[in-house]
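Taken in order, these protein sequences are the chains called U and P.
Following numbering that gives the first Met the number 0, the numbering of the first sequence begins with 0 at its first residue and continues without gaps.
Following numbering that gives the first Met the number 0, the numbering of the second sequence begins with 0 at its first residue and continues without gaps.
Beta carbons are placed, not taken as given, at the ideal position from N, Cα and C, and that holds for glycine.
Report on the following structure.
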Amino acid sequence: MASATLRHTAWILRGNPLTAVAASGVAILVLIAILGPSIAPYDPIASNVSEALLPPSHLHPAGTDQLGRDSFSRLLVATRLDLVIAVSAVGISFALGAVIGAFCGYAGGRLDRSVGRFVDVMMAFPLFVLAMAMVAALGNRVENIVIATAIINLPFYIRFARAEVNVRRNVGWVEAARACGESHVSVVLRFLLPNVLPAMAVQISLNLGWAILNAAGLSFIGLGVRPPTPEWGIMVAEGARFISTGKWWLVAFPGLALMLAVLCFNLLGDGLRDILDPRMRT
Amino acid sequence: MTEPLLRIEDLHVTFSTRLGLVEAVRGVTLSLDPGEMLGLVGESGSGKSVTGFATTRLLDAAGRVTKGRILYRGRDITKIPDSDFRALHGAAMSMIFQNPRAALNPIRAVGLQIADAILSHKRMSKQAAADAALKLLRAVQIREPEKRMSAYPHELSGGMCQRVMIAIAISCDPTLLIADEPTTGLDVTTQKVVMDLLAKIAAERGMATILITHDLGLAAQYCRRVVVMEKGRLVEEAPPEALFSYPQHAYTKRLVAASPTASSWIEDLVTEEERGQYLALRAACKPQAKPAPGTPLLLDVKNLAKRYDQGPPAVTGFSMTMKAGESVGLVGESGSGKTTISRMICRLIDASEGEILFDGESIGHLPAREFHRSPHRKDIQIVFQDPNESLNPRFSAFDCIAHPLLRLSGLRPGSALRQRVEECAARVGLPVELLSRFPHQLSGGQKARVGIARAIACRPRLLVLDEPTAALDVSVQAVVLQLLDRLRREDHLALLFVSHDLNVVRMMCDRTIVLRNGSIVEAGESRALFDDPQTEYTRALVAAVPHIRRAQAPIVSEGQST
Numbered sequence: 000m001a002s003a004t005l006r007h008t009a010w011i012l013r014g015n016p017l018t019a020v021a022a023s024g025v026a027i028l029v030l031i032a033i034l035g036p037s038i039a040p041y042d043p044i045a046s047n048v049s050e051a052l053l054p055p056s057h058l059h060p061a062g063t064d065q066l067g068r069d070s071f072s073r074l075l076v077a078t079r080l081d082l083v084i085a086v087s088a089v090g091i092s093f094a095l096g097a098v099i100g101a102f103c104g105y106a107g108g109r110l111d112r113s114v115g116r117f118v119d120v121m122m123a124f125p126l127f128v129l130a131m132a133m134v135a136a137l138g139n140r141v142e143n144i145v146i147a148t149a150i151i152n153l154p155f156y157i158r159f160a161r162a163e164v165n166v167r168r169n170v171g172w173v174e175a176a177r178a179c180g181e182s183h184v185s186v187v188l189r190f191l192l193p194n195v196l197p198a199m200a201v202q203i204s205l206n207l208g209w210a211i212l213n214a215a216g217l218s219f220i221g222l223g224v225r226p227p228t229p230e231w232g233i234m235v236a237e238g239a240r241f242i243s244t245g246k247w248w249l250v251a252f253p254g255l256a257l258m259l260a261v262l263c264f265n266l267l268g269d270g271l272r273d274i275l276d277p278r279m280r281t
Numbered sequence: 000m001t002e003p004l005l006r007i008e009d010l011h012v013t014f015s016t017r018l019g020l021v022e023a024v025r026g027v028t029l030s031l032d033p034g035e036m037l038g039l040v041g042e043s044g045s046g047k048s049v050t051g052f053a054t055t056r057l058l059d060a061a062g063r064v065t066k067g068r069i070l071y072r073g074r075d076i077t078k079i080p081d082s083d084f085r086a087l088h089g090a091a092m093s094m095i096f097q098n099p100r101a102a103l104n105p106i107r108a109v110g111l112q113i114a115d116a117i118l119s120h121k122r123m124s125k126q127a128a129a130d131a132a133l134k135l136l137r138a139v140q141i142r143e144p145e146k147r148m149s150a151y152p153h154e155l156s157g158g159m160c161q162r163v164m165i166a167i168a169i170s171c172d173p174t175l176l177i178a179d180e181p182t183t184g185l186d187v188t189t190q191k192v193v194m195d196l197l198a199k200i201a202a203e204r205g206m207a208t209i210l211i212t213h214d215l216g217l218a219a220q221y222c223r224r225v226v227v228m229e230k231g232r233l234v235e236e237a238p239p240e241a242l243f244s245y246p247q248h249a250y251t252k253r254l255v256a257a258s259p260t261a262s263s264w265i266e267d268l269v270t271e272e273e274r275g276q277y278l279a280l281r282a283a284c285k286p287q288a289k290p291a292p293g294t295p296l297l298l299d300v301k302n303l304a305k306r307y308d309q310g311p312p313a314v315t316g317f318s319m320t321m322k323a324g325e326s327v328g329l330v331g332e333s334g335s336g337k338t339t340i341s342r343m344i345c346r347l348i349d350a351s352e353g354e355i356l357f358d359g360e361s362i363g364h365l366p367a368r369e370f371h372r373s374p375h376r377k378d379i380q381i382v383f384q385d386p387n388e389s390l391n392p393r394f395s396a397f398d399c400i401a402h403p404l405l406r407l408s409g410l411r412p413g414s415a416l417r418q419r420v421e422e423c424a425a426r427v428g429l430p431v432e433l434l435s436r437f438p439h440q441l442s443g444g445q446k447a448r449v450g451i452a453r454a455i456a457c458r459p460r461l462l463v464l465d466e467p468t469a470a471l472d473v474s475v476q477a478v479v480l481q482l483l484d485r486l487r488r489e490d491h492l493a494l495l496f497v498s499h500d501l502n503v504v505r506m507m508c509d510r511t512i513v514l515r516n517g518s519i520v521e522a523g524e525s526r527a528l529f530d531d532p533q534t535e536y537t538r539a540l541v542a543a544v545p546h547i548r549r550a551q552a553p554i555v556s557e558g559q560s561t
């Protein structure tokens, strides 16, 4: 079975080289996130004013910032924090949203209508502003960025899972599962949810990129992660002050890191759906 | 002889797929005279539709005509450029598809859609096109055509939609019409009306028609000449009477045998040799002892009713009984409530009123949402209509069959479970090596077997069959029906057979109940009921079933001559 899955994955990747590129990009990101602090050439927090604002060189591939910290090391170390925020936020909103949405889609009726209206109300807010307000109210901490990002993502997952489950609620195999003695709850959790997972994988992957941007955005405006912790959003924010004096590297490299991370997750989405869906296998 | 309108010579069509090139049509040669109706019959994968699509150049991008010619009025139309072909579409040849609702634009009034078809080929004012559309709606016998002009497809029934499709197809007076399964999915009475209409229009306008169908009876009834296709090849061509009385090719023999007629028995569905095997198998089943007196009925349904929030009640005052080992047919057209009744008896949905006694015990009081805990859950099982939709795409065949055993028979994963699953697979004739496959890797017939194996895994006493063969080819249907009949005898299993196919029900069931609009019209012994229907409605149903006309020559003469 495992070898069949591998062969299938290889087939998808061969037919869609962009997915392979994206997958290796994500793999590298994850590797950096795990190894970050140990492979960073310098201490990301130790300042060294004598070397402040140096342009990129072989000693400092991404230059140094106003406190003389090595930007490259800071970029490497920041990967872990950014990925952890994005993954946990998306994980929470996926887990909650998929379950809520699946039950709404399966049950229909009053539950479905009231949750649907609540989701509509949430989506009427500008989501980033909502996240800002939540972080401001809850306190400037990493957990709160995760919670805020998770909450503003929730409506998308609820809607998505609801729609996907709704079209499947009356198919034969759902009724067959009932006839085999499954309760409604286990039909939703053990039969319908796994079947909507492939479609949701796309949403998750796109959403990861978006969550990274969101976390960086919150840090950029000063909510969330606080200096001197290395984080891509903060690095952009701090570097922005020096852009007018031609110190481009302070913004360019963290910006590039953000862009590449988001791009990889977005590109991965479609390939992921094909890999996860057993029907795509012959 | 006049020149044929259409002549297909040695046509080959190839599709490029993930598994390499697949030849869907390999060397089809046929011709069609003006005004003739030709039946193109075959099972799924026989290449009959692909032949039709190749003729009208509607093959999808992966398909290509690799060899052969298609001559329309003596001109090879496989070579002409697309721009020239557009002129042929509609005006020279047009097509009707299987699912009329999907073929119509859902957000445009049907009158406008007909007018669009006219305007794309003829220069005239919008008003003139609308008038022509109205005339066409009248021609396809739609009641109150003025009103229907502004109706949207969803406001019309399936039969009405197909008439609109016919109106569009004939709007530019084509000389050739290709009807691809035009009545599949329609009720039998609607099918008759639509086909009669199609035949009448074709005759009036001198339009040649190719009727592509899997239904031998339908082709036999409406065509003067029938062509049988198998695996992309043409295997036999003859007038229907000859074809069905004296089929020459082995495949045709099998196909003709498998098509149930108004008089066939279940053992007739296979060729002579296999018939003996089947009868021997059946004879080997030990006869069941007569139930002791005082044994309650297996199923006793009293005054069942179901109302949904909106609309008229789906079912009212439905009562029936079943003894152990008995088979009862539930027939009716779409909307007759037969599916609702089957789900209520299976306790998948709750009845609004009435009582269901199983083995003398009321099972209706336990709500459907709690019924999975009932000890009777494993006694009542169901086989679903579409085998493609009745298996969880993420479960292998093994998981599907093991599921009820794990849930209802209390087995744990291990060798005992594997043994039971393999035993069930063997009983339904599913090779053990297929058990590790996922549903999409199985054929329709194999999926149907998995569905049946799952349903019988826990040795139920009542099996509800919801159109179990509606999505299957006739040869597969024959095997599945024999399988069900054998299982019934072996396990003393009661079968509640829900179907719209009267020939199948007559063969399979001791008794039949005819439903209409949620209540019983007529009930009785199957053969008596079909031979001599008492109500107008049943008579109409029985009369609408297309049948194979056998040649009148007595079979004996054949025996004497050899």
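With His11/P as the anchor, note down where its beta strand (DSSP E) starts and where it stops. As a working note, residue 11/P is residue 12 in the second sequence. Run containing His11/P: Leu5 to Thr16, per the beta strand (DSSP E) assignment.
Just the C-alpha distance for Asp195/P and Leu135/P, rounded to the nearest angstrom, thanks. Reading the second sequence from its first residue, position 196 is the one you call residue 195/P. Reading the second sequence from its first residue, position 136 is the one you call residue 135/P. Asp195/P and Leu135/P: Cα-Cα distance of roughly 16 Å.
Note down, in chain order, all residues in the stretch 31-57 of chain U with a beta-carbon under 7 Å from any beta-carbon belonging to chain P. none
Which residues of the stretch 391-406 of chain P have a Cβ closer than 7 Å to any Cβ of chain U? Give them in chain order. Asn391, Pro392, Arg393, His402, Pro403 and Arg406
Against chain U, with Cβ distances strictly below 7 Å, would Glu388/P count as a contact? Taking the first residue of the second sequence as 1, we reach residue 388/P at position 389. Answer yes: the Cβ-Cβ gap between Glu388/P and chain U drops below 7 Å somewhere.
Would you please state the rounded distance, in angstroms, between the beta carbons of Met131/U and Leu222/U? I believe it to be under 8 Å. The residue labelled residue 131/U in the question sits at position 132 within the first sequence. The residue labelled residue 222/U in the question sits at position 223 within the first sequence. Contact holds; Cβ gap of about 6 Å.
By Cβ distance below 7 Å, which residues in the same chain neighbour Ser560/P in space, the five residues on each side in sequence not counted? Position 561 of the second sequence, counted from the first residue, corresponds to residue 560/P. Reliability of the predicted coordinates at Ser560/P is poor, the pLDDT of 37 falling under 50, and the value obtained from them is presented with this limitation in mind. Taken in chain order, the list of residues that qualify is empty.
If we ignore side chains and look at the alpha-carbon of each, how far apart do Phe124/U and Ile400/P end up? Within the first sequence, residue 124/U is the residue found at index 125, counting from 1. Within the second sequence, residue 400/P is the residue found at index 401, counting from 1. Note on geometry: alpha-carbon atoms of Phe124/U and Ile400/P lie some 49 Å from one another.
Just tell me which of Val541/P, Leu37/P, Pro246/P and Thr212/P has its CA closest to the CA of Leu175/P. As a position in the second sequence, residue 175/P is number 176, starting the count at 1. The shortest Cα separation from Leu175/P among Val541/P, Leu37/P, Pro246/P and Thr212/P belongs to Leu37/P.
Short of 6 Å in beta carbon distance, which residues of its chain neighbour Lys47/P, apart from the five on each side in sequence? Order them along the chain. Here residue 47/P refers to the residue found at position 48 of the second sequence. Here the set comprises Leu39, Gly41, Ile211 and Met228.
Looking at the C-beta of Leu492/P, does it have a partner C-beta in chain U at a distance below 7 Å? Your numbering for residue 492/P matches position 493 in the second sequence. No - not a single Cβ of chain U is within 7 Å of the one on Leu492/P.
Put Thr148/U into one of helix, strand or coil per three-state DSSP. The residue you call residue 148/U lines up with position 149 of the first sequence. Reduced to three states, the DSSP call for Thr148/U is helix.
Could you spell out the range, first to last residue, of the alpha helix (DSSP H) harbouring Ala178/P? Residue mapping note: residue 178/P aligns to position 179 of the second sequence, counting from 1. Looking at the DSSP string, Ala178/P is not in any alpha helix (DSSP H); the run it does join, the beta strand (DSSP E), is Leu175 to Asp179.
Nearest to Glu163/U (by Cα), restricted to the options Val76/U, Leu191/U, Leu95/U and Val173/U: By 1-based counting over the first sequence, the position of residue 163/U is 164. Nearest C-alpha to Glu163/U: Leu191/U.
Start and end residues, alpha helix (DSSP H) containing Met133/U: The residue you call residue 133/U lines up with position 134 of the first sequence. Counting along the chain, the alpha helix (DSSP H) containing Met133/U begins and ends at Leu126 to Leu137.
DSSP three-state label for Val170/U, please. By 1-based counting over the first sequence, the position of residue 170/U is 171. Correct three-state label for Val170/U: coil.
Using the Cβ count rule (16 or more neighbours within 10 Å means buried), how would you classify Asp500/P? Here residue 500/P refers to the residue found at position 501 of the second sequence. With 16 or more other Cβ atoms within 10 Å, it is buried.
Just the Cα atoms here: how many angstroms apart are Ser112/U and Ile31/U? Counted from its first residue, the first sequence places residue 112/U at position 113. Counted from its first residue, the first sequence places residue 31/U at position 32. Before going on, a small fix: residue 112/U reads as Arg here, not Ser. Straight-line Cα distance between these residues: approximately 44 Å.
Through-space distance from Arg161/U to Pro366/P, alpha-carbon basis: Taking the first residue of the second sequence as 1, we reach residue 366/P at position 367. Taking the first residue of the first sequence as 1, we reach residue 161/U at position 162. C-alpha separation (whole angstroms): 25 Å.
Using a Cβ-Cβ cut-off of less than 8 Å, list which residues of the stretch 159-175 of chain U approach chain P; keep chain order. Val170, Gly171, Trp172, Glu174 and Ala175
Exposed or buried, Gln476/P, counting other C-beta atoms within 10 Å across all chains shown (16 or more means buried)? Within the second sequence, numbered from 1, the residue matching residue 476/P stands at position 477. Per the 10 Å Cβ criterion, buried.
Interface residues of chain P facing Glu237/U [CB-CB closer than 8 Å]: Position 238 of the first sequence, counted from the first residue, corresponds to residue 237/U. Within chain P, no residue comes near Glu237/U; the closest Cβ sits about 48 Å away, beyond 8 Å.
State the start and end residues of the unbroken alpha helix (DSSP H) segment that holds Val187/P. Here residue 187/P corresponds to residue number 188 of the second sequence, with the count starting at 1. It spans Val187 to Arg204 - the alpha helix (DSSP H) in which Val187/P sits, taken as one unbroken run.
At what residues does the alpha helix (DSSP H) containing Val29/U begin and finish? Here residue 29/U is taken as the residue at index 30 of the first sequence, counted from 1. Taken as a continuous stretch (DSSP letters only), the alpha helix (DSSP H) holding Val29/U covers Pro16 to Ile38.
Neighbouring residues, chain P, relative to Ala256/U (Cβ below 9 Å): For the purposes of this step, residue 256/U is taken as residue 257 along the first sequence, with counting starting at 1. What Ala256/U touches in chain P: nothing, since even the nearest Cβ is about 37 Å away.
Contacting residues, own chain, Cβ-Cβ under 6 Å from Val21/P (five flanking each side not counted): Within the second sequence, numbered from 1, the residue matching residue 21/P stands at position 22. If we look at Val21/P and ignore the five residues flanking it on each side, its Cβ neighbours are Phe14.
Burial state of Ser435/P (16 or more Cβ within 10 Å): On the second sequence, residue 435/P is found 436 positions in, with the first residue counted as 1. Exposed: under 16 other Cβ atoms inside 10 Å.
So, under 8 Å CB-CB, Ala470/P and Pro386/P are touching, yes? Tell me the CB distance rounded to an integer number of Å. Walking along the second sequence from the start, residue 470/P turns up at place 471. Walking along the second sequence from the start, residue 386/P turns up at place 387. That pair is a contact at about 6 Å.
Using a C-beta to C-beta distance shorter than 9 Å, which residues of chain P count as neighbours of Asn194/U? Counting from 1 along the first sequence, the entry for residue 194/U is found at position 195. What Asn194/U touches in chain P: Asn391, Pro392 and Arg393.
Beta strand (DSSP E) containing Met228/P: first to last residue? On the second sequence, position 229 is the one that residue 228/P refers to. Element bounds for Met228/P: Arg224 to Glu229.
By the criterion of Cβ-Cβ separation under 7 Å, what are the contact partners of Phe190/U in chain P? Taking the first residue of the first sequence as position 1, residue 190/U is located at position 191. Within 7 Å Cβ-Cβ: Asn391.
List, in order along the chain, the chain P residues whose C-beta lies closer than 7 Å to that of His183/U? Numbered from 1 along the first sequence, position 184 holds the residue referred to as residue 183/U. In chain order: Arg368.
What is the DSSP secondary structure of Arg515/P, reduced to helix, strand or coil? Within the second sequence, residue 515/P is the residue found at index 516, counting from 1. Arg515/P falls in the strand class under three-state DSSP.
Tell me where the alpha helix (DSSP H) around Arg162/P begins and ends. Translated into positions along the second sequence, residue 162/P becomes position 163. Unbroken alpha helix (DSSP H) run through Arg162/P: Gly157 to Ala168.
For Pro152/P, which residues in the same chain have their Cβ closer than 7 Å to its Cβ, ignoring the five residues on either side in sequence? Here residue 152/P is taken as the residue at index 153 of the second sequence, counted from 1. Answer for Pro152/P: Arg100, Leu103, Pro105, Val109 and Cys160, listed in chain order.
Measure the beta-carbon distance from Pro40/U to Asp81/U and round it to whole angstroms, keeping in mind my assumption that it falls under 8 Å. One-based indexing of the first sequence puts residue 40/U at position 41. One-based indexing of the first sequence puts residue 81/U at position 82. Wrong, their Cβ atoms sit about 20 Å apart, outside the cutoff.
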